[in-house]
Structure formats: C-alpha cells, structure tokens
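Just below is one structure, and these are the notes that go with it.
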Amino acid sequence: MRSPRRDVDSRVEIGDTVLPAPVMASSGCFGTGAELLGTVDVGLLGAVVTKSLSQEPWPGNPPPRLVPASGGGMLNSVGLQNPGVRHWVAEELPRLVQAGARVVASIWGRTREEFRDAAMTLADAAGAVEGRMVAVEVNLSCPNVEAAGDMFAHDPGRVGEVLEAVTGALGELPAWAKLSPNVPSVVAAAAAARDAGAAAVVLVNTLIAMTIDVETGRPTLGNVTGGLSGPPLRPVAVRHVHDVYAALPGLPVIGVGGVVGAEHAVELMMAGASAVQMGTAHLADPRAGIKCQRDLARWCAKRGVLRVADLTGAAHGGASR
Ligand SMILES: Cc1cc2nc3c(=O)[nH]c(=O)nc-3n(C[C@H](O)[C@H](O)[C@H](O)COP(=O)(O)O)c2cc1C
Numbered sequence: 003m004r005s006p007r008r009d010v011d012s013r014v015e016i017g018d019t020v021l022p023a024p025v026m027a028s029s030g031c032f033g034t035g036a037e038l039l040g041t042v043d044v045g046l047l048g049a050v051v052t053k054s055l056s057q058e059p060w061p062g063n064p065p066p067r068l069v070p071a072s073g074g075g076m077l078n079s080v081g082l083q084n085p086g087v088r089h090w091v092a093e094e095l096p097r098l099v100q101a102g103a104r105v106v107a108s109i110w111g112r113t114r115e116e117f118r119d120a121a122m123t124l125a126d127a128a129g130a131v132e133g134r135m136v137a138v139e140v141n142l143s144c145p146n147v148e149a150a151g152d153m154f155a156h157d158p159g160r161v162g163e164v165l166e167a168v169t170g171a172l173g174e175l176p177a178w179a180k181l182s183p184n185v186p187s188v189v190a191a192a193a194a195a196r197d198a199g200a201a202a203v204v205l206v207n208t209l210i211a212m213t214i215d216v217e218t219g220r221p222t223l224g225n226v227t228g229g230l231s232g233p234p235l236r237p238v239a240v241r242h243v244h245d246v247y248a249a250l251p252g253l254p255v256i257g258v259g260g261v262v263g264a265e266h267a268v269e270l271m272m273a274g275a276s277a278v279q280m281g282t283a284h285l286a287d288p289r290a291g292i293k294c295q296r297d298l299a300r301w302c303a304k305r306g307v308l309r310v311a312d313l314t315g316a317a318h319g320g321a322s323r
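Under our numbering, read the sequence shown as residues 3 to 323, first letter to last.
This is the structure:
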C-alpha cells in the first residue's frame, strides 16, 4: 500500500530557492551544523541554518546561558558564540555538504562592514560547494556598536544599510533577513530589507526577556536578560508573519517561533510563511524537524491538501500567492 505521504508534494519555493521540504533547523539550535551528523540525516530537512557566524571568532556571554521558562519556553543568552566564518567554511561546511545538507549560513556583525566581510567570505566559499549553500541568513538581532548597542533590526534604516552591503557582497546568492519581534511592527524593517535586495524575511528571532531565581534574588541568566523561545513565542511569530504577508505582497516569509509539531508549522504557513524553521524543539530532540515534516505531509494528505505550499496564506481568505 502506498504511504499517504507520497501523494503530497512537499516542495516549497522561497523566491528562486526551491527546497524539497518545508522545515529547516533554525540558527543556533543545531550547533554550527556538523555536530549532529551521525545522529540526524540532515539531508531530509529542508535546510540546515548554521549558528550565526561572525568574521572573527566570538566568545559569547557568561554562564548560565540557558534556563527553562514557563509554558515550555526557554531563555538563552548564548551571546552569538561562534568559531568565525573562515573556520566554519574550512572545517564544517564541507562535512555538512558531504552529509547531503542544503545549508543556509547565518551571519552577524557589529557594524555593516563586519556583515559585508562575512558575506564576502561566504560568497567565495559558495562556489566550491556547487549550489549546496542555498542562502545566507542575515541575523539583524545583534547590537550595532555604531548605535549605542541597539539592535540593527530595531531601525529599518540600518536594516536597509546592512542588507545592501550583504547583497552587494553575495552577488547571486540569496540573502534572507532575520528580524526581531521586539518592535510594535516588523513591517517597516521587512520592507527595508526587501528594498535593499533581501530575497526573503525570516520571522522571528527571540523576544527579550528575563527570569529571577526567587531563592537567591538573582537573575537566572549570567547576562541578566536573554531571548525567549519555544511555545510561548509562537503567537507572536504567527502575528508578525501574518502582518508582513498581508502588507508586503510578493515578499517570501519564513516563519519561526515555537514550532514543536506539524500543526504549528501549518499555523505559521497559514499565516503566510512559505517555509518554517524549528529551533528550541531540536534541543530536546535533534530529529524533531524531520518528524514535524513527516507529520506535516500526513496532515495534508488527511485533508486532501496536495501541495504543502498551498497552505501558505490560507488564513488570508484563501488568497495565497
Ligand atoms: C540556544 C539558542 C541559540 C540561538 N542562536 C541564534 C543565533 O545564533 N542566530 C539567530 O539568528 N537565532 C538564534 N536563535 C534563535 C532561533 O533561531 C529562533 O529564531 C528562536 O529560538 C525562535 O524559534 P523556536 O521557538 O523554534 O526556538 C537561538 C535560539 C536558541 C534557543
């Protein structure tokens, strides 16, 4: 008997980028990618997004860096620790590609020049891996040293400047702009990213939050504040995806925030996402994304949805695009 999954076309398009499946591992929750080889068949995921990489290695924040939050959420203040983009290109990218992964390299910087330099390093590396590096994700939820440490993502003008520098360096390689939910609306930042050449926006990064240990009276994170992720973030992500899809027709949106199971991926896609990413759920189960993808195809088959991509925008009165 044929599996119901075979009847469902799981391919999704993000601008010119075609992925065979809609669920990606989000940045920071799958290591820099290569650690999980041997545990997970990374080729089954839509793509693997790496931990955000900077031009130079970065040590990150003091511990503790990860603490549980209520409602199955998590607070992290890893602080963008990474081995540097050149190390990653030399040591980890080849292993990921050899294992069959489609790779999205995430970058961050403290100035627009640092973003540009990291993008240039990746543009050089992309040619050597023959199309397996499918995009560069630009993490704009990091402090801008030229704006007293406020996040790039909080200022549409800065978002545009960074994207312009990155897209100029990348040439044909698509840039996806990952935005912060810590603003009343992400539409202006998404429009700025689009106007500067971003091929898609990734919504959302974590919400700034903190918890306190009431026995010690001290903040639980070494950095005092951190980013809230997991299920409590999901309605926030759904709302931002919904708003950007409605306001900016033609701009592909990738949804991320609180996806644990297939219904959550469906919800983000109905809000307007062309594909989804899963972060925190991978910390508990590195195969969570693959399972989600399988269950998503089953969910569609059961309801007669022949193409997963048909879910995109279904919550907007059926006006998919
Ligand atoms: C431990 C941890 C590290 C993260 N590191 C990054 C990072 O380096 N770059 C980035 O863009 N997002 C990072 N994120 C954010 C996730 O990619 C994702 O946007 C967020 O966690 C929401 O998705 P989730 O609820 O599925 O985890 C990190 C999240 C966690 C939990």
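Glycine included, C-beta positions come from ideal geometry on N, C-alpha and C. Keep in mind that this is a model prediction, so the values were computed, not measured.
Helix, strand or coil at residue 279 [DSSP, three-state]: Start at 1 with the first residue of the sequence shown, and residue 279 comes out as number 277. Strand.
Cβ-Cβ separation, residue 109 to residue 124 (assumed contact under 8 Å), whole Å: Taking the sequence shown and counting its residues from 1, one reaches residue 124 at position 122. Taking the sequence shown and counting its residues from 1, one reaches residue 109 at position 107. With 8 Å as the limit, residue 124 and residue 109 qualify as a contact, their Cβ atoms being about 7 Å apart.
Residues of its chain near residue 256, where Cβ-Cβ distance is below 8 Å and the 5 sequence neighbours each way are ignored: The count along the sequence shown starts at 1 and reaches residue 256 at position 254. Scanning its chain for C-beta atoms nearer than 8 Å, with the 5 sequence neighbours on each side dropped, one finds around residue 256 the residues 16, 26, 178, 202, 203, 204, 205, 275, 276, 277, 278 and 279, in chain order.
Endpoints, beta strand (DSSP E) assigned at residue 178: Residue mapping note: residue 178 aligns to position 176 of the sequence shown, counting from 1. First-last of the beta strand (DSSP E) with residue 178: 177-181.
Residue 246 - DSSP class collapsed to helix/strand/coil: The sequence position of residue 246 within the sequence shown is 244, counting from 1. Helix at residue 246.
Own chain, CB closer than 6 Å to residue 3, minus 5 neighbours either side, in chain order: The count along the sequence shown starts at 1 and reaches residue 3 at position 1. Bear in mind that the predicted position of residue 3 carries a pLDDT of just 42, short of 50, making it unreliable; the figure below should be weighed with that in mind. Answer for residue 3: no residue qualifies.
Uninterrupted beta strand (DSSP E) stretches inside the region 16-63 (no shorter than 3 residues): Correct list: 19-21, 25-27 and 49-51.
Check: residue 78 C-beta below 8 Å from any heavy atom of ligand 1: Taking the first residue of the sequence shown as 1, we reach residue 78 at position 76. Yes, since a heavy atom of ligand 1 falls inside the 8 Å radius drawn around the Cβ of residue 78.
Continuous beta strand (DSSP E) assignments of at least 3 residues falling wholly in the region 68-102: 68-71 and 75-78, all fully within the region 68-102.
Residue 155 and residue 184 closer than 9 Å at C-beta: Position 153 of the sequence shown holds residue 155. Position 182 of the sequence shown holds residue 184. Yes. Within cutoff.
Residue 317 burial status per 10 Å Cβ neighbour count (16 or more: buried): Within the sequence shown, the letter at position 315 stands for residue 317. Around the beta carbon of residue 317, 16 or more other beta carbons sit within 10 angstroms, so the residue counts as buried.
Any non-hydrogen atom of ligand 1 closer than 8 Å to residue 279 Cβ: As a first step, residue 279 is located in the sequence shown; it is residue number 277 there, counting from the start. Yes; taking the cut-off as 8 Å, the Cβ of residue 279 has a heavy atom of ligand 1 nearer than that.
Nearest-angstrom Cβ-Cβ length linking residue 134 and residue 104, presumed shorter than 8 Å: As a position in the sequence shown, residue 134 is number 132, starting the count at 1. As a position in the sequence shown, residue 104 is number 102, starting the count at 1. Sure, about 6 Å apart at Cβ, within 8 Å.
Three-state secondary structure (DSSP) of residue 296: If you number the sequence shown from 1, residue 296 lands on position 294. Secondary structure of residue 296 (DSSP, three-state): helix.
Enclosing beta strand (DSSP E) for residue 202 [first to last residue]: Here residue 202 is taken as the residue at index 200 of the sequence shown, counted from 1. Counting along the chain, the beta strand (DSSP E) containing residue 202 begins and ends at 202-205.
Contact under 9 Å by Cβ, residue 225 with residue 64: As a working note, residue 225 is residue 223 in the sequence shown. As a working note, residue 64 is residue 62 in the sequence shown. Contact: yes.
6 Å CB neighbourhood of residue 254 in its chain, flanking five on each side removed: In the sequence shown, the residue the question calls residue 254 occupies position 252. So the qualifying residues of the chain are 16, 17, 202 and 276.
Distance cut-off 8 Å: residue 139 Cβ against heavy atoms of ligand 2: In the structure shown, ligand 2 is absent; the only ligands present are ligand 1.
Three-state secondary structure assigned by DSSP to residue 229: Translated into positions along the sequence shown, residue 229 becomes position 227. In the displayed model, residue 229 falls within a strand according to three-state DSSP.
Run of the beta strand (DSSP E) containing residue 209, from where it starts to where it stops: Looking up residue 209 in the sequence shown gives position 207. Looking at the DSSP string, the run of the beta strand (DSSP E) that includes residue 209 is 209-211.
CB contact flag (residue 50, residue 140, <9 Å): Here residue 50 is taken as the residue at index 48 of the sequence shown, counted from 1. Here residue 140 is taken as the residue at index 138 of the sequence shown, counted from 1. With respect to residue 140, residue 50 sits apart: the two C-beta atoms are not nearer than 9 Å.
Exposed unless 16 or more other CB atoms sit within 10 angstroms - verdict on residue 55: Working through the sequence shown from its first residue, we reach residue 55 at position 53. Burial call: buried.
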